[in-house]
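Chemist: Residue 230 in the numbering used here sits at position 145 of the sequence shown; the count goes up by one each step and never skips.
Where is the CB? At the ideal position from N, CA and C, for every residue including glycine.
A single structure is presented below for examination.
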Amino acid sequence: MRMARPRLAVRAAILNLDRLLMVNAYPPDYGSDLWCLPGGGAEAGQSLHENLIREVMEETGLRIAVGPMILVNEFKDSKAGFHQVDLIHRATLIGDEGEKIVLEDPEGVVHRACWVTRAELAKLHHRPRLLARAVWSDHAAWYDPMEETIW
């Protein structure tokens, strides 16, 4: 199968009380236990920050301030001809929302969310592989080399 042009997506690494917000990566009928950061596809005509603010609000109901990029992650599904590049930014919650998450994703993908410590993340089936290192370090930005999607 011919590989499509890469899809550009943005994701938010939101830490609250040293716990990271994770969401499910696939719709409920997909049967995957894979977790990722909230975010999604970038729409033309909006900045990366605008896209990220919109995506996090749509998926979780949370308002965020976008910080620096900490990780670039690429993955592909060769069978489906899919290739995605995720630009992962630090983000902070705005206001006193704390952990109040509203799961009303208009695309029907995000239906679970959890706050995890670094130790809990290590036990969770998640991507990208370098996520913990990027989130809990002061390194400017990491690159996680392309890999095949693993359900």
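Am I right that V201 and M107 are in contact with their C-beta atoms under 8 Å? What's the rounded C-beta distance?
Modeler: Position 116 of the sequence shown, counted from the first residue, corresponds to residue 201. Position 22 of the sequence shown, counted from the first residue, corresponds to residue 107. Contact flag correct, Cβ pair sits at about 6 Å.
Chemist: For K284 and G116, what's the separation of their Cα atoms in angstroms?
Modeler: Residue 284 lies beyond the stretch modelled for the chain, which goes from 86 to 236, so this question has no answer here.
Chemist: Quick check: R139 and P153, are their CB atoms within less than 7 Å of each other?
Modeler: As a working mapping, residue 139 is identified with position 54 in the sequence shown. As a working mapping, residue 153 is identified with position 68 in the sequence shown. Contact flag unset, no.
Chemist: Got a sec? Which residues, its chain only, sit under 7 Å from R218 by beta carbon, not counting five neighbours each side?
Modeler: Walking along the sequence shown from the start, residue 218 turns up at place 133. Counting only Cβ-Cβ distances below 7 Å, and skipping sequence neighbours, we find W227.
Chemist: Name the DSSP bridge partner or partners of K161?
Modeler: Mapped onto the sequence shown, residue 161 falls at position 76. Partner(s): H168 and E233.
Chemist: Closest to D171 by CA distance: which of M88, R87 and A98 is it?
Modeler: Counted from its first residue, the sequence shown places residue 171 at position 86. Cα-wise, what sits closest to D171 is A98.
Chemist: Tell me the rounded alpha-carbon separation between V157 and R92.
Modeler: Here residue 157 refers to the residue found at position 72 when the sequence shown is read from its first residue. Here residue 92 refers to the residue found at position 7 when the sequence shown is read from its first residue. Going from the Cα of V157 to the Cα of R92 covers about 13 Å.
Chemist: Between which two residues does the alpha helix (DSSP H) carrying A204 extend?
Modeler: Translated into the one-based positions of the sequence shown, residue 204 becomes position 119. Where A204 is concerned, the enclosing alpha helix (DSSP H) stretches over R203 to K208.
Chemist: Threshold first: 4 residues or longer. Then list the alpha helix (DSSP H) segments lying entirely within the stretch 99 to 142, N to C.
Modeler: none
Chemist: Determine whether the beta carbon atoms of L209 and D229 lie at a separation below 7 Å.
Modeler: Against the sequence shown, residue 209 aligns to sequence position 124. Against the sequence shown, residue 229 aligns to sequence position 144. Cβ atoms of L209 and D229: not closer than 7 Å.
Chemist: Measure the alpha-carbon distance for R90 versus D162 and round it to whole angstroms.
Modeler: Sequence index remark: in the sequence shown, residue 90 carries index 5 (1-based). Sequence index remark: in the sequence shown, residue 162 carries index 77 (1-based). Those two C-alpha atoms are separated by around 12 Å.
Chemist: Whose C-beta lies closer than 7 Å to the C-beta of P112 among residues of the same chain, with five residues either side of it excluded?
Modeler: Position 27 of the sequence shown, counted from the start, is the residue given in the question as residue 112. Cβ within range, chain order: G193 and V194.
Chemist: Using CA coordinates, which residue listed in C199, F167 and P213 is at the minimum distance from R104?
Modeler: Looking up residue 104 in the sequence shown gives position 19. For R104, the nearest C-alpha among the options comes from C199.
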